[in-house]
Amino acid sequence: MSDVRHVLVLPDRDSAEEVAGELADRFGIADEPQLVRDALAGEDDAEDAQWLVVVEDGAGRLDPVALDAFAAEYEGWLEKP
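Below is the structure:
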């Protein structure tokens, strides 16, 4: 199976950090997720940035529906590949 990358989109840095911290507990993710600031097109203000939590799923074992529901708890969503 090929490597799978899941990208969770969160409304702010605090939410992204909480999600990243909870991923290991909820889903047993061993690797530290990557947090990426995603400035909206044309916006320089950090308040207008979304944050991405990138999860490498080499075994392809994570359930995208469960990840989407988890991100929704923090007013986020799972980006569709």
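In this note's numbering, each number is its position in the sequence shown, counted from 1, plus 73.
Cβ coordinates follow ideal geometry from the N, Cα and C atoms, glycine included.
In its chain, beyond the 5 residues on either side, 79, 151 have a beta carbon closer than 8 Å to the beta carbon of residue 137.
Rounded to whole angstroms, the gap between the alpha carbons of residue 133 and residue 100 is 12 Å. At the C-beta level, residue 92 and residue 83 come within 8 Å of one another.
Closest in alpha carbon position to residue 111, among 102, 96, 130, 81, is 81.
Counting along the chain, no alpha helix (DSSP H) covers residue 112; the unbroken beta strand (DSSP E) around it starts and ends at 107-112.
Bounds of any beta strand (DSSP E) do not take in residue 91; it lies within the alpha helix (DSSP H) bounded by 86-100.
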